[in-house]
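Each residue of the sequence shown is one higher than the one before, counting from 1 in this note's numbering.
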Amino acid sequence: MVDATEEATRQAEEYKAEANKNFKDKHYAAAVVGYTQAIELRPQNAIYWANRAAAHIRLEEYGSAIADAGQAIEVDPDYIKAYYRRGDANFALGKFKDALKDLRTAAKRAPRDPDLRRKLAECEKAVKRLRFEEALATPESEITHVSDTIDLASMEVEDGYKGPRMQEDGEGGYVITRDFVVAMMDEFKQQRLIHRRFAFQILLQASLGLFSHTARALLRELPSLVDIPVADDGHITVCGDVHGQYYDLLNIFELNGLPAPDNPYLFNGDFVDRGSFSVEVIFTLLAWKARGHTA
Numbered sequence: 001m002v003d004a005t006e007e008a009t010r011q012a013e014e015y016k017a018e019a020n021k022n023f024k025d026k027h028y029a030a031a032v033v034g035y036t037q038a039i040e041l042r043p044q045n046a047i048y049w050a051n052r053a054a055a056h057i058r059l060e061e062y063g064s065a066i067a068d069a070g071q072a073i074e075v076d077p078d079y080i081k082a083y084y085r086r087g088d089a090n091f092a093l094g095k096f097k098d099a100l101k102d103l104r105t106a107a108k109r110a111p112r113d114p115d116l117r118r119k120l121a122e123c124e125k126a127v128k129r130l131r132f133e134e135a136l137a138t139p140e141s142e143i144t145h146v147s148d149t150i151d152l153a154s155m156e157v158e159d160g161y162k163g164p165r166m167q168e169d170g171e172g173g174y175v176i177t178r179d180f181v182v183a184m185m186d187e188f189k190q191q192r193l194i195h196r197r198f199a200f201q202i203l204l205q206a207s208l209g210l211f212s213h214t215a216r217a218l219l220r221e222l223p224s225l226v227d228i229p230v231a232d233d234g235h236i237t238v239c240g241d242v243h244g245q246y247y248d249l250l251n252i253f254e255l256n257g258l259p260a261p262d263n264p265y266l267f268n269g270d271f272v273d274r275g276s277f278s279v280e281v282i283f284t285l286l287a288w289k290a291r292g293h294t295a
């Protein structure tokens, strides 16, 4: 009669062998599944944990790799590969100091491993560069942001300027109106520019929340996840990547209507790369955002 422990060990080794084959064939997700099955049977085997960490690294799941390598070290503090795996994952995340500690520990126990020595040298170089940059870094309190150096009041809109104008607010400033944004879009369509005074106001108002009634940053202070309520009888238009294709953006608005509180848009990103009209695209989107914070 086969002992239950022996049977679990045998089955776990079969799972590991299959996972190793998948890893070799670059089927890393399948390898993770196999190593997980082995771990469930024999959780006190450091090799299984370290192997799964290696598969996570190939999948760029570095947080999971760090956790698995840490578990392998807890099971067997003398298992060198676990330190290597954790160091490798931390290195990939840019946590060079954490990586260096583990890689040095591994290198002391396996001083002739060429891959380990190469990774250690690379990490030591990265830490040295990081420390150099930290030494040169300017304290946050002494940093002057470009936005703080822009003086809109000193930017006069010349009488000879023929492009679209923002509406004056009666206090020497301007207000972004729907008519201005529409006129600006047409100006861009004709491959003409707007005055820099208006361009800077769009940038500052959309990115920093200046001039808004709430003085709340529109983009900088947004949370990483924004909930957008949509009424049962309402709608929202979700658009994919624009990639600097201004005339495609105009066509979207032509077919679906301009942004408005009752006609909101959600643009997924990649607004400006690749296309020839990236500036026009980003200024149009920022102007609509700055004009009506929900539009």
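The beta-carbon is built from N, C-alpha and C at its ideal position, and this holds for glycine as well. Keep in mind it's a predicted model, so treat the numbers as computed, not measured.
Quick check: what's the CA-CA separation for residue i versus residue j?
i	j	result
GLU133	LYS101	20 Å
LYS119	ALA54	15 Å
GLY257	LYS128	55 Å
GLU197	GLU254	Note that residue 197 is Arg in the sequence shown here, rather than Glu. C-alpha separation (whole angstroms): 28 Å.
GLU13	ALA38	7 Å
GLY70	ARG112	23 Å
GLU156	LEU222	32 Å
TYR15	ASN90	27 Å
LEU152	ALA72	59 Å
THR9	ALA17	12 Å
TYR84	ASP227	41 Å
SER141	ARG131	20 Å
GLU60	GLU40	23 Å
THR105	ALA29	29 Å
ASP169	THR144	29 Å
Short check: CB of residue i to CB of residue j, under 8 Å?
i	j	result
GLY34	ASN45	no
ASP98	ILE57	no
LEU298	LEU93	Look at the range of the chain in this structure, 1 to 295, and you will see that residue 298 is not part of it.
LEU285	PHE267	yes
LEU250	MET185	yes
PHE96	ALA126	yes
TYR174	GLN201	yes
THR177	GLN190	no
TRP288	PRO264	no
Under 8 Å Cβ to Cβ from residue i, same chain only, skipping five residues before and after it: list those, please.
i	result
ILE282	PHE271, VAL272
GLY172	ALA153
Which residues does DSSP pair with residue i in a beta bridge?
i	result
GLN167	VAL175
TYR265	THR237
ALA260	ASN263
Looking only at its chain, what residues have a beta carbon closer than 6 Å to the beta carbon of residue i, apart from the 5 residues adjacent to it on each side?
i	result
PHE277	GLY244, TYR246
VAL238	LEU266
PHE211	In this prediction, PHE211 scores a pLDDT of 49, lower than 50, which makes its location untrustworthy; the coordinate-derived value is nonetheless stated afterwards. The answer, listed in chain order, is GLN205.
LYS242	In the sequence under discussion, the amino acid at residue 242 is Val, which differs from the Lys named in the question. If we look at VAL242 and ignore the five residues flanking it on each side, its Cβ neighbours are LEU249, PHE271, VAL281.
Keeping to the same chain, check which residues put their C-beta closer than 7 Å to that of residue i; ignore five residues upstream and five downstream.
i	result
PRO164	PHE180, ALA183, MET184, GLU187, ILE194
LYS81	ALA50
ALA67	none
ILE252	CYS239
GLN11	LEU41
GLU122	none
Using only the heavy atoms of the ligand GDP, determine whether one of them is closer than 7 Å to the beta carbon of residue i.
i	result
PHE283	No copy of the ligand GDP appears in this structure; indeed no ligand is present at all.
**Prompt:** Hey, is the stretch 45 to 55 in contact with the stretch 75 to 82, meaning 3+ C-beta pairs nearer than 8 Å?
**Reply:** yes
**Message:** Is it the case that the stretch 191 to 206 contacts the stretch 228 to 238, given that we only count it when at least three CB pairs across the two stretches are under 8 Å?
**Reply:** The stretch 228 to 238 makes no contact with the stretch 191 to 206: fewer than 3 CB pairs, one atom from each, lie closer than 8 Å.
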